[in-house]
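Everything below concerns the one structure shown next.
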Amino acid sequence: TYTRERFNQDGRIQPDQDMRTTIMGYEFRPQALEACIRRAWDKTGHVPIIVTENGIATSDDAERIEYVHGALDGVLNCIQDGIDIRGYTYWSLMDNFEWMYGYGPTFGIVAVDWKTQVRTPRPSASWLGRIARGNALLPRNA
């Protein structure tokens, strides 16, 4: 889950003009993950959950950390409420090719220079690594 989408009788409703959006045009809604987990938990009769893909396409790594912190805060809320969450995987390790958008969106915690193929870890990679090693949500600036 990356965002939310709203629809009416005419189809998809575009985000409000003042709504913060990602470079793919999605609403910036890290809290969407918590809502999705809670819905899946309720609809499946409490089947354990593994979040297999959650992330943000942004050229601003501080924004990536802000988004993931918000998403993981929601995961933590769910765990504290007794929802059985077995894992979380960030999308994506490296910048990649997005089928509809090509190489433009940058989801990776590792930047890829497509001309040279050089890979450079972003600060978000270190931040997520510290969370994984400590098994605890850290402040965004840690």
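With the sequence shown counted from 1, adding 8 to any position gets you this note's numbering. Every residue gets a Cβ at the ideal spot worked out from N, C-alpha and C, and that includes glycine.
Which first and last residues belong to the alpha helix (DSSP H) in which residue i is found?
i: residue 73; result: 69-88
Nearest by alpha-carbon distance to residue i: which of the options is it?
i: residue 133; options: 143, 116, 121; result: 116
i: residue 68; options: 31, 95, 83, 93; result: 31
i: residue 78; options: 55, 39, 127; result: 39
i: residue 82; options: 44, 112, 119; result: 44
i: residue 91; options: 106, 55, 80; result: 55
i: residue 80; options: 18, 19, 135; result: 135
i: residue 65; options: 125, 33, 41, 146; result: 33
i: residue 146; options: 16, 76, 52; result: 76
i: residue 95; options: 53, 144, 71; result: 144
i: residue 85; options: 150, 42, 25; result: 42
i: residue 50; options: 18, 89, 71, 17; result: 89
Leaving aside the five residues before and after residue i along the sequence, list all residues of the same chain whose C-beta is less than 6 Å from its C-beta, in chain order.
i: residue 137; result: none
i: residue 97; result: 60
i: residue 142; result: none
i: residue 37; result: 11, 12
i: residue 129; result: 118
Span of the beta strand (DSSP E) holding residue i?
i: residue 147; result: Counting along the chain, residue 147 falls outside any beta strand (DSSP E), and DSSP gives it neither H nor E.
i: residue 36; result: Looking at the DSSP string, residue 36 is not in any beta strand (DSSP E), and its letter there is neither H nor E.
i: residue 11; result: Looking at the DSSP string, residue 11 is not in any beta strand (DSSP E), and its letter there is neither H nor E.
i: residue 93; result: 93-98
i: residue 20; result: 19-21
Using a Cβ-Cβ cut-off of 7 Å (strictly less than) and excluding sequence neighbours within five positions of residue i, which residues of its own chain qualify?
i: residue 159; result: Since the displayed the chain opens at 9 and closes at 150, residue 159 lies outside it and no answer follows.
i: residue 106; result: 113
i: residue 21; result: 14, 15
i: residue 48; result: 57
Which residues in the same chain have their Cβ closer than 8 Å to the Cβ of residue i, if we skip the five residues on either side of it in sequence?
i: residue 35; result: 11, 12, 23, 27, 28, 29
i: residue 74; result: 38, 148
My understanding is that residue i touches residue j, with C-beta atoms under 8 Å, so please give their C-beta distance in whole angstroms.
i: residue 108; j: residue 127; result: With a Cβ gap of about 23 Å, residue 108 and residue 127 do not count as contacting.
i: residue 93; j: residue 57; result: 5 Å
(request) Return the chain-ordered ranges of every alpha helix (DSSP H) run that is complete within the stretch 40-68 and spans a minimum of 4 residues. (result) 40-51
(request) Would you mind listing the beta strand (DSSP E) stretches within the stretch 100-138 that are 3+ residues and don't spill past its ends, in chain order? (result) 118-120, 127-129
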